[in-house]
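A.B. asks: Residue numbers (my numbering): 722 to 1231. Below is a structure I'd like to ask you about.
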Amino acid sequence: MSTEPVETHRHRVVVIGSGFGGLFGAKHLKRADVDVTLISKTSTHLFQPLLYQVATGILSVGEIAPATRLVLRKQKNVQVLLGDVTDIDLERRTVSSRLLNQTTRTSFDSLIVATGAQQSYFGNDRFATYAPGMKTIDDALELRGRILGAFESAELATTQELRDRLLTFVVVGAGPTGVELAGQIAELADRTLEGTFKNIDPRDARVILLEGAGAVLGPMGEKLGNKARRRLENMGVEVQLNAMVTDIDANGVTVKDKDGTVRRIESSCKVWSAGVQASPLGKMLAERSDGTETDRAGRVVVEPDLTIKGHPNVFVVGDLMSVPGVPGQAQGAIQGATYAAKQIKAGLNGQQPAERKPFKYLNKGSMATVSRFSAVCQVGKLEFGGFIAWLAWLALHLYYLIGYRSRIVTVIQWFVTFSGRSRGQMAATEQWVMARLALEAVNADEEEADELAAALGAPPGDRQGHLGSQVPLDAALGESTTTADIEDGTATEPAGGERPGKQESSRPAV
Ligand SMILES: Cc1cc2nc3c(=O)[nH]c(=O)nc-3n(C[C@H](O)[C@H](O)[C@H](O)COP(=O)(O)OP(=O)(O)OC[C@H]3O[C@@H](n4cnc5c(N)ncnc54)[C@H](O)[C@@H]3O)c2cc1C
């Protein structure tokens, strides 16, 4: 149990994460008499629902990921820090974050943890080598490179077998992300790329959507699921239900059907959109707070006021929290963060934690696009699909996109894409495709590095040739490691330099 210190400074709120939970948590504290420090390992607020449009060449990264410090520029009581949070000390009330070779410790009186979730391969992490997920900007750019690269390689393929494999795209998981991505790959092949190659017809591409369960968009119900499925099939997407993926390698996917049949799909380009695993900070928090548990996906089973046991000043919100009936969606994160901010403000006015009303989630519905001009939408008992649903989808996404500039550019890009055949963001580079595996290989042990090198196309025994000097990043960036403490949320120490202000100390690595 924590003890309440006497506050000699403004109440300090640390917010971890700059996604929907983190950003909305910080914004709702705008007029509060607090100092907010928002720490995130990414410098942007990423609008994940539109990542698939970056992956398929419709939008650029800038439209869906504005810099967090620019978004919060006018909020005078917030400081934005870039850093990967590696430790949360609940007793000392400090958060440690790391940026390159510097560790920064930030003190808090209240904490909002909104570090979200990442891809889960259900224990088969090596699938990630061949089938990236779609959670980050890097993922979306890598996928764009892989998708467009498959068409480019197919143009050069010397055998029909290889051409077929390169033109077979497998998307694993028929949730909203899988449905949207499969639909967009099909439209990319049929509309945008049609007529742009000499040796191949991109319309010959097969797009296969695999789902282990028996329905598309399961949580949205049978009616909408069937609607989405019919639309996908009309576009030529092969929807295969009750199809469990049991293995993935460089050249394809092994699938086990409901009747036990095991079969293989030859495919060069695979995408994983089948499961989520909460950020590791969830487990850390649970272990450090007596009696708090995590669920199967690693999400923190929070108290009715979204805090953890014994720490009424530590809120967990968004995809990291486990609350019955609250889906892992933007609305859950926004409402949870807004609630947490309200409790912090009420606490400043003397409200005791025991007086808090429990968090109540208001389900505003869910929706998914299938293709241009077609979406499915569920609001309360109302379920509808088609063009009207698509318009609703457009309006809602524009509303939640951050910043006028992003909205205007997005509208233009959508107009160009959906009214014609062109897409404005078709750039892709080899680095986008290779960088993730190359970085992993740099820090991998011998055996893993060899497998990663093989996945990168290196001949057997030639991982040095492909992976450069194998110098760990930390060593390449210099050996010194510094630590800076932030007591009042307003100052930090730049690596290798002094800055006038309230930074307390600098010492060797912890
Ligand atoms: C492809 C995709 C499509 C989606 N489509 C929809 C949709 O159509 N509708 C909908 O409602 N929801 C959708 N979602 C879900 C929605 O995006 C999430 O529910 C929402 O983003 C959760 O917000 P969050 O703040 O909890 O986490 P996130 O938005 O994931 O943000 C987590 C933040 O924490 C930071 N972070 C993580 N670990 C650390 C660390 N150790 N240290 C510091 N910072 C850290 C990250 O950099 C990030 O800024 C989609 C998600 C994905 C991936």
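Don't be surprised by glycine CBs; every beta carbon is placed ideally from N, CA and C.
Residue 1039 by DSSP, collapsed to three states: which one?
C.D. replies: Of the three classes helix, strand and coil, the one that applies to residue 1039 here is helix, per DSSP.
A.B. asks: Between residue 770 and ligand 1, is the CB less than 8 Å from at least one heavy atom?
C.D. replies: Result yes, Cβ under 8 Å from ligand 1.
A.B. asks: For the beta strand (DSSP E) that residue 1088 lies in, which residues bound it at each end?
C.D. replies: 1087-1092 is the span of the beta strand (DSSP E), which, as asked, contains residue 1088.
A.B. asks: How about the region 1068-1086 and the region 1099-1119: do they share at least three Cβ pairs that are nearer than 8 Å?
C.D. replies: The region 1068-1086, when compared against the region 1099-1119, does touch it at the 8 Å Cβ threshold.
A.B. asks: What are the start and end residues of the alpha helix (DSSP H) that includes residue 745?
C.D. replies: 741-748 is the extent of the alpha helix (DSSP H) around residue 745.
A.B. asks: For residue 1129, is the beta carbon positioned less than 8 Å from some heavy atom of ligand 1?
C.D. replies: Incorrect: residue 1129 has no Cβ contact closer than 8 Å to ligand 1.
A.B. asks: Go through its chain and collect everything with a Cβ distance to residue 1194's Cβ below 6 Å, but skip five positions before and after it.
C.D. replies: Residue confidence for residue 1194 is low, a pLDDT of 38 falling below 50, so the modelled location carries little weight; the figure read from the coordinates is stated next. Counting only Cβ-Cβ distances below 6 Å, and skipping sequence neighbours, we find nothing.
A.B. asks: Check this for me: beta carbons of residue 995 and residue 928, under 9 Å apart or not?
C.D. replies: In this structure, residue 928 does not lie closer than 9 Å to residue 995 by Cβ.
A.B. asks: With DSSP run on the structure shown, which of helix, strand or coil describes residue 971?
C.D. replies: In the structure shown, residue 971 sits in coil (DSSP, three-state: anything other than H, G, I, E or B).
A.B. asks: If you draw a straight line from the C-alpha of residue 824 to the C-alpha of residue 743, how long is it?
C.D. replies: Each residue's alpha carbon lies about 21 Å from the other.
A.B. asks: So, for residue 906: in the same chain, excluding its five sequence neighbours on each side, which residues have a beta-carbon less than 7 Å away from its beta-carbon?
C.D. replies: Once the five neighbours on either side are set aside, the close Cβ partners of residue 906 are 777, 868, 890, 928.
A.B. asks: Cα separation between residue 736 and residue 978?
C.D. replies: Roughly 45 Å separates the two Cα atoms.
A.B. asks: How long is the line joining the alpha carbons of residue 876 and residue 884, rounded to whole angstroms?
C.D. replies: When rounded, the distance between both Cα atoms is 8 Å.
A.B. asks: Measure from the alpha carbon of residue 1028 to the alpha carbon of each residue in 784, 1017, 1042, then state which is nearest.
C.D. replies: Comparing Cα-Cα distances from residue 1028 to each of 784, 1017, 1042, the minimum goes to 1042.
A.B. asks: Short of 7 Å in beta carbon distance, which residues of its chain neighbour residue 920, apart from the five on each side in sequence? Order them along the chain.
C.D. replies: Answer for residue 920: 876, listed in chain order.
A.B. asks: In the DSSP assignment, find the beta strand (DSSP E) that holds residue 999 and state where it starts and stops.
C.D. replies: 997-999 is the span of the beta strand (DSSP E), which, as asked, contains residue 999.
A.B. asks: Taking 9 Å as the cut-off, decide whether the C-beta atoms of residue 901 and residue 987 are in contact.
C.D. replies: Contact: no.
A.B. asks: Excluding five sequence neighbours on each side, which residues of the same chain lie with their C-beta closer than 6 Å to the C-beta of residue 808?
C.D. replies: Around residue 808: 817.
A.B. asks: On the three-state DSSP scale, how would you describe residue 1139?
C.D. replies: The answer is helix: DSSP assigns residue 1139 an H, G or I state.
A.B. asks: Just the Cα atoms here: how many angstroms apart are residue 1025 and residue 1080?
C.D. replies: Residue 1025 and residue 1080: Cα-Cα distance of roughly 6 Å.
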